[in-house]
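Below: one structure, written as structure tokens.
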Amino acid sequence: MLTSTFVHLQGIGPATERRLWQEGFLHWDRFLSETTVPGLSAARKSWYDRELTIAQTQLAAGDLRFFASRLHSRDHWRFYDVCRSRIIYLDIETTGATRDHGHVTVVGLHRGGRTITLVHGENLTTDRLQEEFDQGQLLVTFFGAGFDVPYLRARFPRLRLDLPHFDLCFAARRLGLSGGLKQIEREVGIARDPAIHGLDGWDAVRLWAQWNATGNRQALDLLLAYNRADVENLVPLAEWLQADLRLRFGPPPVGRAIVPRPLAETHS
């Protein structure tokens with residue numbers, strides 16, 4: 003999808019990008035192979051050629067930050083296919099207080115089919131977090147832009163967390179799905195272990211308080227299982243959402259015409 007993207011070029015918005023797709027420019031290579039493009043002056047075509055050549059170089063080098071700075075956050079789902087093996091799925095638990103007064107209790111991270119859990123007072127440190135984030139190319143969360151990322155930045159001020167970010171909460175809203183993570187999971191058919199069914203974020207706060215006050219290992223184990231489910235269920239949800247986003251807002255498969263959409267949707 004990224005190599006079909008043109009909205010990172012200055013002066014090209016969703017409507018122009020869609021027109022390019024309709025005219026058969028479904029890949030950067032096709033655009034670069036043509037000497038002229040309808041609706042573009044020779045000077046602008048030459049400028050875009052230079053920009054796309056730079057983009058190809060950056061993509062080959064794995065520098066997705068180059069594109070992240072040029073793409074609206076709503077379009078960061080377009081990174082999904084090019085960095086599947088280096089996606090970091092993130093979910094955190096906290097004490098329930100604001101990020102200025104509370105602290106992070108558990109961080110769940112999933113990458114390459116492996117989940118690790120970092121726990122306050124045990125192995126949750128800035129260096130350990132940085133080690134994990136440095137191995138990623140794309141961050142995937144559910145409402146992480148509004149909660150997880152700013153909370154981590156507040157509690158771990160030395161942490162460099164500047165990956166492109168595919169926030170599933172806003173992607174779901176764009177596709178007409180409402181509610182929190184658990185509700186959307188149910189709507190798309192993602193199941194949870196019965197042992198943690200019905201638990202929510204406030205239960206996570208309660209379980210941590212119980213463990214912290216009494217050393218009840220069962221409370222901690224249940225909290226860790228809850229966090230693991232939260233972060234691992236992001237994987238199938240991201241797959242489902244990016245496939246639907248591509249279907250609705252991406253280019254058509256080769257040989258298939260684009261079905262015109264209402265004007266409001268072409269700018270969503």
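Heads up: the sequence shown begins at 3 in our numbering, then just goes up one per residue. Note that beta-carbon positions come from the ideal geometry of N, C-alpha and C, so glycine has one too. Small disclaimer: the values here were computed from a predicted structure and weren't measured.
Discussion item. Among L236, Q244, A245 and E241, whose alpha-carbon lies nearest the alpha-carbon of L111?
Written reply: Here residue 111 refers to the residue found at position 109 of the sequence shown. It is L236 whose Cα lies nearest to the Cα of L111.
Worksheet entry | Per DSSP, cross-strand counterpart(s) of L225 | For the purposes of this step, residue 225 is identified with residue 223 of the sequence shown, where counting begins at 1. Paired residue(s): none; L225 is not in a bridge.
Practice prompt. Please list, in chain order, all residues of the same chain as L179 whose beta carbon is under 7 Å from its beta carbon, the five residues on each side excluded.
Written response: Against the sequence shown, residue 179 aligns to sequence position 177. Hits under 7 Å: I186 and E189.
Practice prompt. Check each candidate in F251, Q12 and L243 and name the one with the smallest Cα separation from T143.
Written response: Sequence index remark: in the sequence shown, residue 143 carries index 141 (1-based). The shortest C-alpha separation from T143 is found at L243.
Worksheet item: D93 lies in the beta strand (DSSP E); which residues open and close that run?
Response: For the purposes of this step, residue 93 is taken as residue 91 along the sequence shown, with counting starting at 1. Its beta strand (DSSP E) spans residues I89 to T96.
Discussion item. Please list the terminal residues of the continuous beta strand (DSSP E) segment that includes R116.
Written reply: Here residue 116 corresponds to residue number 114 of the sequence shown, with the count starting at 1. Element bounds for R116: R116 to V121.
Fill in: DSSP state of T18 mapped onto helix, strand, coil
Counting from 1 along the sequence shown, the entry for residue 18 is found at position 16. The answer is helix: DSSP assigns T18 an H, G or I state.
Item to complete: Answer with buried or exposed for A44, where buried requires no fewer than 16 other C-beta atoms within 10 angstroms of its C-beta.
Response: Translated into positions along the sequence shown, residue 44 becomes position 42. A44 comes out exposed.
Discussion item. Within a Cβ cutoff of 6 Å, which residues of the same chain sit near A221, ignoring the five residues on either side of it in sequence?
Written reply: The sequence position of residue 221 within the sequence shown is 219, counting from 1. Around A221: L209, Q212 and W213.
Discussion item. Considering only DSSP beta bridges, list what T100 is partnered with.
Written reply: Your numbering for residue 100 matches position 98 in the sequence shown. Partner(s): none; T100 has no beta bridge.
Practice prompt. Might you give, ordered along the chain, the residues of its own chain that have their beta carbon closer than 7 Å to the beta carbon of P238, omitting 5 neighbours on each side?
Written response: As a working mapping, residue 238 is identified with position 236 in the sequence shown. Closer than 7 Å at the Cβ level, and outside the excluded window around P238, lie I192.
Discussion item. For T38, report the span of its beta strand (DSSP E) as first-last.
Written reply: What you label residue 38 is simply residue 36 of the sequence shown in a count that begins at 1. Here T38 belongs to no beta strand (DSSP E), and DSSP marks it neither H nor E.
Worksheet item: Can you tell me the Cα-Cα spacing of A99 and G138, whole angstroms?
Response: Within the sequence shown, residue 99 is the residue found at index 97, counting from 1. Within the sequence shown, residue 138 is the residue found at index 136, counting from 1. About 29 Å.
Practice prompt. Check V9 in the structure and name its three-state DSSP category.
Written response: Locating residue 9 in the sequence shown gives position 7, counting from the first residue. In this structure, V9 counts as coil in the three-state DSSP scheme.
Practice prompt. Write down the C-beta distance between V109 and I94 rounded to the nearest angstrom, noting that I regard them as a contact closer than 8 Å.
Written response: By one-based count along the sequence shown, residue 109 stands at place 107. By one-based count along the sequence shown, residue 94 stands at place 92. 5 Å between Cβ atoms; contact.
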